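Written below as structure tokens is the structure these notes are about.
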Amino acid sequence: MQRTIALVRKKGSLENLRLETETLNEPGENEVQIEVHSVGLNFADLFAIQGLYSATPEGTFIPGLEFSGVVIATGKKVKNVKKKDKIMGVTRFGGYVSHLNIDSKYVFKLPSKWNFDQGAGFLVQGLTAYYALVALGDLEKGQTVLIHSAAGGVGILANRIAKKLGAFTIGTIGTPSKTELLKKEGYDKQIVRSDRFAKDLQEALGGKELDLVLECIGGKIFQESYDIMAPMGRMVVYGAAEMMGGSSSVNWPRLAYKYLSRPKLDPMQMVSDNKAVMGFNLIWL
Numbered sequence: 127m128q129r130t131i132a133l134v135r136k137k138g139s140l141e142n143l144r145l146e147t148e149t150l151n152e153p154g155e156n157e158v159q160i161e162v163h164s165v166g167l168n169f170a171d172l173f174a175i176q177g178l179y180s181a182t183p184e185g186t187f188i189p190g191l192e193f194s195g196v197v198i199a200t201g202k203k204v205k206n207v208k209k210k211d212k213i214m215g216v217t218r219f220g221g222y223v224s225h226l227n228i229d230s231k232y233v234f235k236l237p238s239k240w241n242f243d244q245g246a247g248f249l250v251q252g253l254t255a256y257y258a259l260v261a262l263g264d265l266e267k268g269q270t271v272l273i274h275s276a277a278g279g280v281g282i283l284a285n286r287i288a289k290k291l292g293a294f295t296i297g298t299i300g301t302p303s304k305t306e307l308l309k310k311e312g313y314d315k316q317i318v319r320s321d322r323f324a325k326d327l328q329e330a331l332g333g334k335e336l337d338l339v340l341e342c343i344g345g346k347i348f349q350e351s352y353d354i355m356a357p358m359g360r361m362v363v364y365g366a367a368e369m370m371g372g373s374s375s376v377n378w379p380r381l382a383y384k385y386l387s388r389p390k391l392d393p394m395q396m397v398s399d400n401k402a403v404m405g406f407n408l409i410w411l
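Residue numbers (our numbering): 127 to 411.
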């Protein structure tokens with residue numbers, strides 16, 4: 127069959143994304159063929175298109191890490207889904223297409239009350255939030271967690287998981303307009319990031335220790351969050367939004383300055399402070 131793909135032949139700008147058509151083969155014996163209805167758009171996709179993501183395939187590539195749609199064909203060994211099932215799935219790039227073949231172990235039936243948009247926007251964010259909080263962060267009942275970019279997909283799901291675990295949650299946002307969303311989502315405290323972030327964080331803590339930080343901003347926010355973190359505190363890093371500019375192409379002088387001025391930690395001082403910093407890239411897990 128013929129399929130439409132969103133292809134990047136030259137990295138560096140979102141404007142280099144082009145729609146093309148190509149032939150899609152029949153699915154292999156362990157694969158399913160999906161008619162894609164919705165796709166997720168993540169920071170990783172934007173970084174990849176701009177050439178800033180280390181996991182990006184060499185040469186031309188198709189962005190897209192998560193999708194949802196309908197099964198239109200299955201390989202003879204596929205057991206977990208069948209034709210006409212509504213599904214959601216993840217892939218190491220290749221999701222920005224009208225149709226795709228993928229190993230059936232990477233697709234899951236869409237919950238009955240979910241629409242395609244919800245399915246396409248859940249897996250990457252949900253897995254990121256869970257891995258950061260539980261697998262690495264080891265969050266426990268009664269502890270305090272600081273969640274940056276709290277109104278984003280990862281932030282919202284991280285708060286929901288943290289509240290289920292019995293944690294005290296503090297969420298940060300870049301603009302005051304998102305404060306009501308954080309209150310609606312049940313964050314215990316909300317902070318609009320500004321030059322007085324460190325003071326605002328101390329006030330939000332109200333004497334509590336900061337046990338865990340989910341960090342995806344970078345720069346000064348990274349450093350101040352780390353400094354306030356309690357002994358035996360853990361910081362889990364999964365992004366660096368500060369590196370991302372506001373335009374469709376890369377501002378290389380700005381990026382170079384941000385990179386060279388990024389925070390640097392002394393391992394021996396970390397030992398003395400009893401603090402840990404961990405990072406992960408979901409695409410390799």
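From the three backbone atoms N, C-alpha and C, an ideal C-beta is built for every residue, glycine too. No experiment lies behind these values; they were computed from the predicted model shown.
| Query | Result |
| --- | --- |
| If you run the structure through DSSP and keep just helix, strand and coil, what is K231? | helix |
| Rounded to the nearest angstrom, how far is the Cβ of V197 from that of V250, given a contact under 8 Å? | That pair is no contact at about 20 Å. |
| Looking at the structure shown, is Q176 part of a helix, part of a strand, or coil, going by DSSP? | coil |
| Would N227 and G166 be called neighbours here (beta carbons separated by less than 8 Å)? | no |
| Are the beta-carbon atoms belonging to V106 and V207 less than 8 Å from one another? | Absent from the structure is residue 106, since the part of the chain shown begins at 127 and ends at 411. |
| Note the first and the last residue of the continuous alpha helix (DSSP H) segment covering S194. | No alpha helix (DSSP H) holds S194; the beta strand (DSSP E) holding it covers E192 to T200. |
| Whose C-alpha, out of A367, V339 and G344, is nearest the C-alpha of A356? | V339 |
| Within this structure, are the beta carbons of N156 and S230 separated by less than 8 Å? | yes |
| Can you tell which of Q269, K235, T182 and F193 has the C-alpha that lies nearest to the C-alpha of K205? | K235 |
| Taking 7 Å as the cut-off, is the C-beta of E192 nearer than that to any heavy atom in the ligand NAP? | Among the ligands in the structure shown, none appear at all, so the ligand NAP cannot be discussed. |
| So R412 and G300 are supposed to be a Cβ contact under 8 Å. How far apart are they, rounded? | No statement about residue 412 is possible, as the shown extent of the chain runs from 127 to 411 and does not include it. |
| Looking at the secondary structure, which residues open and close the beta strand (DSSP E) in which Q269 lies? | Where Q269 is concerned, there is no enclosing beta strand (DSSP E), given that its DSSP letter is neither H nor E. |
| Which runs of the beta strand (DSSP E), 3 residues or longer, sit entirely within the region 323-410? | 338-341, 360-363 and 402-405 |
| Are the region 331-350 and the region 383-390 touching, with three or more C-beta to C-beta distances below 8 Å? | yes |
| Which of the three DSSP states, helix, strand or coil, is assigned to G279? | helix |
| Can you tell me whether V207 is helix, strand or coil according to DSSP? | coil |
| How many Å lie between M396 and M404 at the Cα? | 12 Å |
| Going by C-alpha distance, which of Q176, Q128, G365 and K401 is nearest E148? | Q128 |
| Which residue wins for smallest C-alpha separation from A174, given the options L150, S194, K210 and K136? | K136 |
| Terminal residues of the continuous alpha helix (DSSP H) containing E311? | T305 to E311 |
| Would you decide whether L327 is buried or exposed? Buried here means 16 or more other CB atoms lie within 10 Å of its CB. | buried |
| Hey, V271 and D337: beta-carbon distance below 8 Å or not? | yes |
| Please confirm whether S194 and G245 have their CB atoms less than 8 Å apart. | yes |
| Could you give the C-beta distance for R322 and T298, rounded to a whole number, given that I count them as a contact under 8 Å? | No, R322 and T298 are not in contact; Cβ-Cβ is about 12 Å, not under 8 Å. |
| Who does T149 pair with in a DSSP beta bridge? | Q128 |
| What is the residue span of the alpha helix (DSSP H) that G245 lies within? | F242 to A246 |
| On the DSSP bridge list, what partners appear for R144? | L133 |
| Based on the DSSP output, what are the partners of I213 in its beta bridges? | G195 and K235 |
| What do you reckon, are the CB atoms on L283 and A255 nearer than 8 Å? | yes |
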